[in-house]
Structures are given as C-alpha cells and as structure tokens.
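Trainee:
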Ligand code: SF4
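Residue numbers (the working numbering): 767 to 894.
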C-alpha cells in the first residue's frame, strides 16, 4: 500500500524572538501537529508555531489630537494582536481623537475586539 503524507508545504520564516534571528522551517504534519526546525531554543519553536497558526503583530501609529501645536500623538498596542484585526484597528485609531493633555501610558482603546489588548499613548503631551 502506498503511504500518504499529510504534511503541508513548508513555510520559511525568521524567528524574531531574539537578535540571533534563526531561520525556521515550519510545516503542519497532521491536524494538530506543527513541526518547527532550525530553532536554537524553545522560544523559536513557540514563535514558529504561533506564526504559522495565528500570526500576531504589534501595532504602532498616531491618533489625531485636535491640537494645532501637537496635532497627533503616537500610540501602540501593549501586546501583539491577530494580524487579521490590524486594518480594523488602524481605521479605528485614525478616527480616535485624543484630547490633550495626554499622559504616556494612558489607555486610549481598551480590550480591542475582545482580544484583551489595549492601545496606549506612548508620549505625554500638553497643549502648553
Ligand atoms: S530560536 Fe531561540 S535563539 Fe533562535 S532567534 Fe529564536 S529565540 Fe533566538
């Protein structure tokens, strides 16, 4: 009987969990089994697995303040969010007006779409 392989095409990626930047090869062997090779440590295995199944990214951008002196305030997510939600988050942030004064660390969006991830200001600004 001819044997059949259930593995999918391999995906190449670079681990960004530390500056070494190991070249990872990730493939799905079976439904629940992800194989990661090329990693020098366990963090790389976890990174490869997550990046394969549910990639996430940190998001940084700026929000309007309505101030003439400081028209925009830089913001970022406190953790990475699922990649498919990034466009939606950016659209919301471009529309979110942040009145001054704002303090670094202020939460501007709480628990975006139930991800548990907040968006915070990364700079303190006063109208002055
Ligand atoms: S696999 Fe480990 S050693 Fe390699 S880049 Fe990732 S975290 Fe660093």
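Beta carbons: idealized from backbone N, C-alpha and C, even for Gly.
Apart from the five residues on each side of it in sequence, which residues of its chain come closer than 6 Å, Cβ to Cβ, to residue 803?
Mentor: Cβ within range, chain order: 791.
Trainee: Can you find the residues in the same chain that come closer than 6 Å, C-beta to C-beta, to residue 871, ignoring five residues on each side of it along the sequence?
Mentor: Excluding residues within five positions, the ones whose Cβ falls inside 6 Å are 886.
Trainee: Less than 6 Å between C-beta atoms, sequence neighbours within five positions excluded: which residues of the same chain meet that for residue 846?
Mentor: 822, 823, 824, listed in sequence order.
Trainee: Please report the straight-line C-alpha distance between residue 874 and residue 835, rounded to a whole angstrom.
Mentor: Spanning the two alpha carbons is a distance of roughly 20 Å.
Trainee: Inspect the beta-carbon positions of residue 909 and residue 830 and report whether they are closer than 9 Å.
Mentor: Lying before the first or after the last residue shown, residue 909 is absent from the chain, which here runs from 767 to 894.
Trainee: In angstroms, rounded to a whole number, what distance separates the CA positions of residue 799 and residue 789?
Mentor: Approximately 20 Å between the Cα atoms of the pair.
Trainee: Using the three-state DSSP reduction, which class does residue 874 fall into: helix, strand or coil?
Mentor: Strand at residue 874.
Trainee: Report yes if the C-beta of residue 818 is less than 8 Å from at least one heavy atom of ligand 1; otherwise report no.
Mentor: The answer is no for residue 818.
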